[in-house]
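Sequences listed follow chains A and B, in order.
Note that our numbering has the first sequence beginning at 229, numbered continuously upward.
Note that our numbering has the second sequence beginning at 44, numbered continuously upward.
All residues carry an ideal CB built from backbone N, CA and C; glycine is no exception.
Input: a single structure, listed below in structure tokens.
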Amino acid sequence: MHLDPEILSRIQFAFVVSFHILFPAFTIGLASWLAMCEGLYLYTQRDVYRRLYKFWVKIFAVSFGMGVVSGIVMSFQFGTNWSVFAEATAPVLGPLFAYEVLTAFFLEATFLGIMLFGWDKVGPKLHFIATVTVGLGTTLSAFWILSANSWMHTPAGFELRDGIFYPVDWWAIVFNPSFPYRLVHMVLAAYLTTAFVILGVGAWYRLKDTAHEASRVMLIMGVAFVSIVTPLQIVAGDFHGLKTLEYQPQKIAAMEAHWETEKGAALALFAWPDSTNETNHFEIAIPHLASLVLTHEWNGELVGLKDFPPSERPPVAPIFFSFRIMVGLGMLMLVAGLTGLWLAWRRRLFEARWYHRYLVAMTPSGFIAVLAGWITTEIGRQPYTVYGLMRTSDSVSPVGGPSVLATLITFVIVYGMVFGAGLYYILRVVRTGPGGHPVDPKPDPYATPARPLSYPDESVGDHK
Amino acid sequence: MNTMDMLPLIWFAVIGFGVFMYVLLDGFVLGIGILSGFAHGESERDIMMNSVAPIWDGNETWLVLGGVGLLAAFPPAYTVLLPALYLPLSAMLIALIFRGVAFEFRFKANRPRGWNMAFNLGSIVATFCQGVTLGSIVQGINADGAQYVGGPFDWLSGFTLLTGCALVAGYALLGATWVVMKTSGGLQQKAYGWSRMLLTSVIVFMALVSLYVPFLDGDYAERWFGFPHALFMAPFPLAAIAVSWGLYWSVTNRAEYLPFLLSLAMFAVGYAGLAASFWPHIIPPNLTIWNAASPPETQSFLLVGLAFLLPFILFYTGWSYWIFRGKVTRDMGYH
Chain A
229 MHLDPEILSR
239 IQFAFVVSFH
249 ILFPAFTIGL
259 ASWLAMCEGL
269 YLYTQRDVYR
279 RLYKFWVKIF
289 AVSFGMGVVS
299 GIVMSFQFGT
309 NWSVFAEATA
319 PVLGPLFAYE
329 VLTAFFLEAT
339 FLGIMLFGWD
349 KVGPKLHFIA
359 TVTVGLGTTL
369 SAFWILSANS
379 WMHTPAGFEL
389 RDGIFYPVDW
399 WAIVFNPSFP
409 YRLVHMVLAA
419 YLTTAFVILG
429 VGAWYRLKDT
439 AHEASRVMLI
449 MGVAFVSIVT
459 PLQIVAGDFH
469 GLKTLEYQPQ
479 KIAAMEAHWE
489 TEKGAALALF
499 AWPDSTNETN
509 HFEIAIPHLA
519 SLVLTHEWNG
529 ELVGLKDFPP
539 SERPPVAPIF
549 FSFRIMVGLG
559 MLMLVAGLTG
569 LWLAWRRRLF
579 EARWYHRYLV
589 AMTPSGFIAV
599 LAGWITTEIG
609 RQPYTVYGLM
619 RTSDSVSPVG
629 GPSVLATLIT
639 FVIVYGMVFG
649 AGLYYILRVV
659 RTGPGGHPVD
669 PKPDPYATPA
679 RPLSYPDESV
689 GDHK
Chain B
44 MNTMDMLPLI
54 WFAVIGFGVF
64 MYVLLDGFVL
74 GIGILSGFAH
84 GESERDIMMN
94 SVAPIWDGNE
104 TWLVLGGVGL
114 LAAFPPAYTV
124 LLPALYLPLS
134 AMLIALIFRG
144 VAFEFRFKAN
154 RPRGWNMAFN
164 LGSIVATFCQ
174 GVTLGSIVQG
184 INADGAQYVG
194 GPFDWLSGFT
204 LLTGCALVAG
214 YALLGATWVV
224 MKTSGGLQQK
234 AYGWSRMLLT
244 SVIVFMALVS
254 LYVPFLDGDY
264 AERWFGFPHA
274 LFMAPFPLAA
284 IAVSWGLYWS
294 VTNRAEYLPF
304 LLSLAMFAVG
314 YAGLAASFWP
324 HIIPPNLTIW
334 NAASPPETQS
344 FLLVGLAFLL
354 PFILFYTGWS
364 YWIFRGKVTR
374 DMGYH
């Protein structure tokens with residue numbers, strides 16, 4: 229059996245990066261949520277905010293830890309599996325990664341230590357600053373890594389000589405055409421992911437009739453947040469889509485499974501794209517809608533896949549479906565936000581059990597939408613690593629197929645174990661809850677008798 | 044020499060510094076992991092892990108800086124080294140995953156035994172693989188331009204297995220002297236014992252590696268024993284002997300801080316000696332800091348930010364060590 233290192237490396241990268249992105253997508257928003265809880269506690273001195281902080285910081289610690297260890301793997305993947313890509317793009321992308329480490333990783337790692345273990349070592353204000361700094365670090369990290377990723381989609385500010393990308397204009401490199409849209413879209417996605425987890429947990433406590441005060445805060449804040457941010461995200465996604473149409477028309481054509489170039493193109497709600505015969509089966513489409521959405525004109529012209537030779541097209545079916553999953557979840561999020569607003573207005577937000585069940589079901593929606601979105605944009609960039617300039621097949625390391633297969637299998641097993649354990653511990657924290665009564669009646673906010681390091685079960689009650 | 048020509052030199056120093064910080068800082072954390080197998084009971088393990096829990100994440104970040112710094116400043120070094128060491132580096136990453144999550148998971152598990160083992164074995168494997176990597180660089184990696192030419196097991200040799208074991212002993216020494224510094228009572232006494240034993244093995248390993256190096260390909264023999272090069276190299280073994288003696292003395296006399304500081308010094312001497320051995324190569328035999336340097340536009344763009352950010356990073360890292368200073372006990376912990 230011939231083991232192709234390219235396809236194995238692609239599967240490996242897709243696997244490790246998909247696993248990794250779940251954690252930043254969650255911790256970016258969670259860091260801000262923690263900063264808000266701690267800030268509100270300092271300002272109002274209401275104990276519920278302290279309890280919320282102490283509760284969510286346990287979940288944050290586990291998620292952040294898994295994000296760190298899976299992130300270190302990422303920084304090696306470029307070299308171990310994509311060394312030809314790394315050689316060509318290092319002069320441009322290397323500094324962006326390095327700036328991520330220098331501006332974000334050190335900040336996050338160091339202040340996380342203070343955030344988790346500095347309770348009675350620093351004062352409340354300094355501790356709050358540590359929390360805010362960790363939040364800032366997560367966002368800075370997103371800035372640099374999305375800049376690097378966007379450059380691979382819309383390369384700019386470089387000069388290509390002998391197969392190496394030489395930097396010419398750093399401003400153009402960092403703020404490449406798709407970057408601002410991608411950054412906004414991803415950061416909002418991360419916030420929504422966190423918001424739906426908070427809503428899901430809050431709603432679950434309502435259903436279980438426990439943690440009353442804390443669950444009310446989670447529901448009110450969550451509903452307020454998603455009802456504002458979901459519409460913004462839809463607008464941001466639309467802008468991002470228009471930019472993609474401008475720079476990567478093949479990707480849009482594949483996302484919509486458009487084979488023919490046409491005016492007033494229809495939007496397929498469902499179809500079974502068939503790349504061999506260059507057509508769709510079982511298509512259900514709304515006339516003119518695709519043109520309206522993508523060109524904002526009733527009869528706007530959209531380029532079809534047949535205008536590009538097959539060697540220039542991305543795989544159609546995976547991104548046609550992943551895009552629909554993402555958009556579909558976005559619509560369900562919008563429904564969640566608007567319904568929540570309506571219920572709040574009718575003063576039934578805390579009582580409507582059907583709504584709470586809906587929110588519990590929506591808990592993983594952000595994660596799935598983030599993965600679906602990334603699958604769309606990354607598979608949509610194929611067959612290139614640097615769009616239009618460097619092919620994926622020309623990017624791979626001179627490493628043997630058996631080696632890659634061995635590591636791929638190992639990563640799958642190890643990540644399965646680690647993720648399983650992490651999820652189990654997080655669910656255990658959720659089951660335990662934020663504690664209806666303050667564990668510690670002392671006024672000092674940070675003096676709870678926590679066993680060191682044991683965030684997730686410090687309130688399980690098994691103080692050994 | 045104008046500024047542009049200076050850039051590769053500056054970057055060699057920066058990367059060297061970053062990797063050295065990693066070796067020192069994660070060195071003692073990994074060392075604690077290696078020694079955790081010898082701890083008796085959960086109480087000693089708790090103390091040992093508590094002594095590094097707030098800082099290990101920041102320490103590990105230096106590895107990422109070393110990796111991406113190499114990618115940015117000397118791309119061919121990165122693109123040759125990583126595929127050449129595909130298997131040991133992948134093993135290291137997996138080991139670091141187990142080591143890292145053990146910090147979080149161990150205290151949450153009803154039965155911590157599995158995570159104890161993950162912490163212990165993860166630290167040993169990660170360290171061993173790092174030692175193998177170091178040995179591979181010293182013995183040389185063949186490259187054609189910026190790409191590796193060779194098989195998946197070219198790194199495997201008696202020498203790299205030796206450097207792998209040597210680093211396990213070395214990190215364990217850093218870990219043992221850190222435990223001496225951060226604890227008291229029975230565990231501290233035990234750590235003095237470990238330090239003494241490990242010092243002996245580190246000296247033996249250093250001697251073995253030093254004896255082996257001249258027999259490797261390359262100009263190591265000429266550099267260490269030929270005239271006048273030997274004059275420049277002579278201070279390294281002399282300093283190593285002096286530091287070893289100081290370390291032995293400080294452990295015997297039950298000093299608390301000195302053993303750790305001298306262990307750091309021991310690493311500094313060994314590291315500087317290695318750097319001097321293959322200067323100006325970054326990956327012998329084909330890549331030097333001159334032919335592996337990324338374009339000056341890249342090196343200077345990153346250097347500008349680095350000049351501001353690195354002092355800042357060192358400042359707040361130092362500050363966090365200051366916050367968590369002092370002895371660690373189990374029931375006191377960090378809360």
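Simplified DSSP state of residue i, which is helix, strand or coil
i	result
A:Val627	coil
B:Thr104	helix
A:Gly271	With the sequence shown as reference, residue 271 of chain A is identified as Tyr, and Gly is not the correct amino acid for it. Here A:Tyr271 sits in helix by DSSP.
A:Tyr394	strand
A:Met618	strand
A:His665	In this prediction, A:His665 has a pLDDT of 44, which is less than 50 and means its spatial position is unreliable; nothing more can be read from the coordinates.
A:Pro546	helix
A:Tyr277	helix
A:Thr613	strand
A:Ala580	coil
B:Ile98	coil
A:Glu474	helix
B:Leu128	coil
A:Leu388	strand
DSSP beta-bridge partners of residue i
i	result
B:Thr331	B:His324
A:His524	DSSP, once it has assigned bridges, lists no residue as partnering A:His524.
B:Gln190	B:Asp187
A:Pro501	A:Asn508
A:Ile607	DSSP, once it has assigned bridges, lists no residue as partnering A:Ile607.
B:Lys233	Answer is none; B:Lys233 lacks a bridge partner.
A:Leu324	The partner list for A:Leu324 (beta bridge, DSSP) is empty, contrary to what the question assumes.
A:Ile514	A:Leu495
Beta-carbon proximity list for residue i, same chain, < 7 Å, skipping 5 on both sides
i	result
A:Ser455	Gly565, Leu566, Gly568 and Leu569
A:Pro669	Its pLDDT being 38, under 50, A:Pro669 is placed unreliably by the model, and the measurement read from it follows with that caveat. Result list for A:Pro669: empty, nothing under 7 Å.
A:Trp582	none
B:Leu389	What is shown of chain B runs 44 to 378, which leaves residue 389 of chain B out entirely.
A:Pro477	Val531
When the options are compared against residue i, the one with the closest alpha-carbon
i	options	result
A:Ala580	A:Gln478, A:Phe536, A:Gly430 and A:Val531	A:Gly430
A:Ile603	A:Glu234, A:Phe243 and A:Ile235	A:Phe243
A:Val640	A:Glu234, A:Gln240 and A:Glu511	A:Gln240
A:Ile547	A:His524, A:Trp500 and A:His509	A:Trp500
A:Pro252	A:Gly469, A:Gly363, A:Thr638 and A:Glu511	A:Gly363
A:Thr473	A:Ala332, A:Val296, A:Ile235 and A:Gly608	It is worth fixing the name first, because residue 473 of chain A is Leu in this sequence and not Thr. The candidate whose alpha carbon is nearest that of A:Leu473 is A:Gly608.
A:Ala358	A:Phe339, A:Phe345, A:Thr367 and A:Ser375	A:Phe339
A:Ala600	A:Lys353, A:Met554 and A:Arg389	A:Met554
B:Asp100	B:Glu265, B:Met49, B:Thr360 and B:Pro155	B:Thr360
A:Pro515	A:Glu484, A:Asp502 and A:Val301	A:Glu484
A:Lys419	A:Pro662, A:Thr458, A:Asn527 and A:Gly385	It is Tyr, not Lys, that sits at residue 419 of chain A in the sequence shown. Checking every option, the nearest Cα to that of A:Tyr419 belongs to A:Thr458.
A:Tyr652	A:Val627, A:Val290, A:Phe247 and A:Ile480	A:Val290
A:Tyr612	A:Phe424, A:Ser246, A:Lys479 and A:Arg585	A:Lys479
Contact under 8 Å by Cβ, residue i with residue j
i	j	result
B:Trp105	B:Leu68	yes
A:Ala464	A:Leu520	no
A:Gly428	A:Thr272	no
B:Val223	B:Ala212	no
A:Val614	A:Asn309	no
B:Ser238	B:Leu216	yes
B:Phe275	B:Pro257	no
A:Pro352	A:Gly629	no
B:Leu50	B:Ala336	yes
A:Val172	B:Tyr129	Chain A is shown from 229 up to 692; residue 172 of chain A falls before or after that span and cannot be answered.
Residues of its chain near residue i, where Cβ-Cβ distance is below 6 Å and the 5 sequence neighbours each way are ignored
i	result
B:Thr170	Leu73, Leu210, Val211 and Tyr214
B:Leu108	Gly61
B:Gly207	Phe171, Gly174 and Val175
Same chain, Cβ closer than 8 Å to residue i, neighbours up to 5 away in sequence not counted
i	result
B:Arg297	Tyr235
A:Leu335	Thr361, Val362, Leu364, Gly365 and Leu368
A:Phe403	Ser375
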